[in-house]
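What follows is a set of notes on a single structure, which appears directly below.
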Amino acid sequence: IYQNRGDTMKTSVYKLTAQGHELDSFNHVNNAVYLKYAESARWDFFKQENILDFINSEKLFMVLLEINIRFMKEIKIFDNVIIKTKWSTNGNLIYIDHIFYLEGTNIKLTKISSKAIFITQNKIIHDIPIPIKKIIDGE
11 IYQNRGDTMK TSVYKLTAQG HELDSFNHVN NAVYLKYAES ARWDFFKQEN ILDFINSEKL
71 FMVLLEINIR FMKEIKIFDN VIIKTKWSTN GNLIYIDHIF YLEGTNIKLT KISSKAIFIT
131 QNKIIHDIPI PIKKIIDGE
(Lines of atoms letter the chains of each structure in order from A; the text may use other names.)
(Lines give C-alpha, C1' and ligand atoms only; values in the text may rest on other atoms or scores of the structure.)
Protein backbone atom coordinates (compact mmCIF):
# COMPACT_ATOMS: atom_id res chain seq x y z
CA ILE A 11 0.00 0.00 0.00
CA TYR A 12 1.35 3.38 -0.94
CA GLN A 13 1.83 5.70 2.00
CA ASN A 14 0.48 9.22 2.37
CA ARG A 15 2.36 11.45 -0.05
CA GLY A 16 1.10 14.76 1.26
CA ASP A 17 -0.61 16.58 4.09
CA THR A 18 -4.08 15.95 2.71
CA MET A 19 -5.63 13.05 0.88
CA LYS A 20 -9.07 13.00 -0.71
CA THR A 21 -11.23 10.14 0.53
CA SER A 22 -14.16 8.54 -1.25
CA VAL A 23 -16.57 5.75 -0.27
CA TYR A 24 -18.29 3.21 -2.51
CA LYS A 25 -20.77 0.52 -1.40
CA LEU A 26 -21.66 -2.74 -3.13
CA THR A 27 -23.20 -6.15 -2.52
CA ALA A 28 -21.45 -9.28 -3.80
CA GLN A 29 -23.57 -11.18 -6.32
CA GLY A 30 -23.85 -14.87 -7.15
CA HIS A 31 -22.51 -14.51 -10.69
CA GLU A 32 -19.25 -13.13 -9.23
CA LEU A 33 -18.44 -16.33 -7.31
CA ASP A 34 -15.77 -18.86 -8.16
CA SER A 35 -15.92 -22.62 -7.56
CA PHE A 36 -15.10 -22.09 -3.85
CA ASN A 37 -18.24 -19.96 -3.37
CA HIS A 38 -16.43 -16.71 -2.76
CA VAL A 39 -15.88 -13.76 -5.05
CA ASN A 40 -13.45 -14.51 -7.87
CA ASN A 41 -10.13 -12.66 -7.55
CA ALA A 42 -10.60 -10.82 -10.85
CA VAL A 43 -13.88 -9.34 -9.58
CA TYR A 44 -12.00 -7.34 -6.92
CA LEU A 45 -10.43 -5.34 -9.75
CA LYS A 46 -13.89 -4.66 -11.18
CA TYR A 47 -15.01 -3.45 -7.77
CA ALA A 48 -12.02 -1.09 -7.56
CA GLU A 49 -12.75 0.17 -11.08
CA SER A 50 -16.38 0.83 -10.11
CA ALA A 51 -15.20 2.79 -7.07
CA ARG A 52 -12.93 4.92 -9.28
CA TRP A 53 -15.70 5.70 -11.77
CA ASP A 54 -18.11 6.48 -8.94
CA PHE A 55 -15.58 8.97 -7.54
CA PHE A 56 -15.32 10.65 -10.95
CA LYS A 57 -19.11 10.87 -11.13
CA GLN A 58 -19.53 12.17 -7.56
CA GLU A 59 -16.84 14.83 -8.02
CA ASN A 60 -18.08 15.85 -11.50
CA ILE A 61 -14.76 14.83 -13.03
CA LEU A 62 -16.21 12.52 -15.65
CA ASP A 63 -17.72 15.25 -17.84
CA PHE A 64 -14.48 17.23 -17.62
CA ILE A 65 -12.17 14.40 -18.72
CA ASN A 66 -14.58 13.45 -21.50
CA SER A 67 -14.72 17.04 -22.78
CA GLU A 68 -10.90 17.26 -22.66
CA LYS A 69 -10.59 13.83 -24.33
CA LEU A 70 -8.37 12.53 -21.54
CA PHE A 71 -8.12 8.96 -20.34
CA MET A 72 -6.93 7.60 -17.00
CA VAL A 73 -4.51 4.70 -17.40
CA LEU A 74 -3.39 2.46 -14.56
CA LEU A 75 0.37 1.93 -14.55
CA GLU A 76 0.64 -0.38 -11.56
CA ILE A 77 -1.70 -2.39 -9.32
CA ASN A 78 -0.92 -4.19 -6.08
CA ILE A 79 -3.56 -6.43 -4.47
CA ARG A 80 -3.47 -7.94 -1.01
CA PHE A 81 -6.26 -10.41 -0.32
CA MET A 82 -6.99 -10.58 3.40
CA LYS A 83 -10.42 -12.18 3.82
CA GLU A 84 -12.84 -13.70 1.34
CA ILE A 85 -15.91 -11.86 0.11
CA LYS A 86 -18.94 -14.15 -0.03
CA ILE A 87 -22.31 -13.97 -1.72
CA PHE A 88 -24.47 -11.05 -0.57
CA ASP A 89 -21.71 -9.60 1.62
CA ASN A 90 -22.18 -5.85 1.84
CA VAL A 91 -18.82 -4.25 1.14
CA ILE A 92 -17.61 -0.70 1.63
CA ILE A 93 -14.60 0.47 -0.35
CA LYS A 94 -12.81 3.43 1.23
CA THR A 95 -10.42 5.04 -1.18
CA LYS A 96 -7.67 7.56 -0.52
CA TRP A 97 -6.51 9.66 -3.45
CA SER A 98 -3.29 11.65 -3.73
CA THR A 99 -0.97 13.03 -6.39
CA ASN A 100 2.75 13.44 -6.97
CA GLY A 101 3.83 15.05 -10.23
CA ASN A 102 1.79 13.43 -13.02
CA LEU A 103 0.99 10.35 -10.91
CA ILE A 104 -2.30 9.73 -9.15
CA TYR A 105 -2.11 7.29 -6.24
CA ILE A 106 -5.29 5.36 -5.48
CA ASP A 107 -5.46 3.29 -2.29
CA HIS A 108 -8.60 1.17 -1.84
CA ILE A 109 -9.40 -0.69 1.36
CA PHE A 110 -12.40 -3.04 1.25
CA TYR A 111 -14.34 -3.53 4.50
CA LEU A 112 -17.22 -5.78 5.46
CA GLU A 113 -20.04 -3.27 6.07
CA GLY A 114 -20.79 -2.63 9.72
CA THR A 115 -17.40 -3.95 10.84
CA ASN A 116 -13.76 -2.94 10.83
CA ILE A 117 -12.86 -6.19 9.10
CA LYS A 118 -10.49 -5.49 6.22
CA LEU A 119 -11.13 -7.74 3.24
CA THR A 120 -8.69 -6.50 0.63
CA LYS A 121 -6.26 -3.70 -0.14
CA ILE A 122 -5.71 -2.54 -3.70
CA SER A 123 -3.21 0.20 -4.45
CA SER A 124 -2.55 1.63 -7.86
CA LYS A 125 -0.73 4.38 -9.72
CA ALA A 126 -2.38 6.11 -12.65
CA ILE A 127 -1.76 8.84 -15.19
CA PHE A 128 -3.83 10.74 -17.68
CA ILE A 129 -3.13 10.38 -21.38
CA THR A 130 -4.50 12.08 -24.46
CA GLN A 131 -6.31 10.28 -27.27
CA ASN A 132 -2.90 10.17 -28.99
CA LYS A 133 -1.53 8.24 -25.98
CA ILE A 134 0.66 11.12 -24.83
CA ILE A 135 1.09 11.61 -21.08
CA HIS A 136 -0.85 14.63 -19.90
CA ASP A 137 -0.41 16.64 -16.71
CA ILE A 138 -3.11 16.08 -14.13
CA PRO A 139 -5.65 18.77 -15.02
CA ILE A 140 -5.65 21.57 -12.44
CA PRO A 141 -9.34 21.15 -11.51
CA ILE A 142 -8.78 17.44 -10.81
CA LYS A 143 -5.55 18.07 -8.91
CA LYS A 144 -7.42 20.58 -6.71
CA ILE A 145 -10.13 18.04 -5.95
CA ILE A 146 -7.67 15.28 -5.07
CA ASP A 147 -5.20 17.47 -3.15
CA GLY A 148 -7.93 19.40 -1.35
CA GLU A 149 -6.79 22.80 -2.58
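For the sequence shown, the working numbering assigns the number 11 to the initial residue and increments by one for each residue that follows. C-beta: ideal position from N, C-alpha, C; glycine also.
For a test of the three-state rule: what should DSSP assign to residue i, helix, strand or coil?
i          : result
residue 59 : coil
residue 35 : coil
residue 64 : helix
residue 76 : strand
residue 41 : helix
residue 28 : coil
Taking the C-alpha atoms as reference points, what is the distance between residue i and residue j?
i           : j           : result
residue 61  : residue 84  : 32 Å
residue 32  : residue 110 : 16 Å
residue 67  : residue 141 : 13 Å
residue 29  : residue 123 : 23 Å
residue 24  : residue 121 : 14 Å
residue 162 : residue 64  : Outside the shown range of the chain, which is 11 to 149, sits residue 162, and nothing can be said about it.
residue 59  : residue 45  : 21 Å
Are residue i and residue j touching if we call contact CB-CB under 9 Å?
i           : j           : result
residue 98  : residue 147 : yes
residue 125 : residue 22  : no
residue 55  : residue 129 : no
residue 26  : residue 47  : yes
residue 82  : residue 118 : yes
Who are the near neighbours of residue i in its chain, counting only those whose CB is closer than 8 Å to its CB and skipping five residues on each side?
i         : result
residue 6 : Only positions 11 to 149 of the chain appear in this structure, which leaves residue 6 out of reach.
For residue i, I'd like the list of residues in its chain whose CB is within less than 6 Å of its CB, leaving aside the five on either flank, ordered along the chain.
i           : result
residue 86  : 38
residue 6   : Here the chain covers residues 11 to 149 and nothing more, so residue 6 does not appear.
residue 131 : 69
residue 104 : 126
residue 43  : 32
Ordered along the chain, which non-local residues of its own chain (more than five positions away) have a Cβ less than 7 Å from that of residue i?
i           : result
residue 52  : 106
residue 80  : 120, 121
residue 102 : 127, 135, 137, 138
residue 34  : 40
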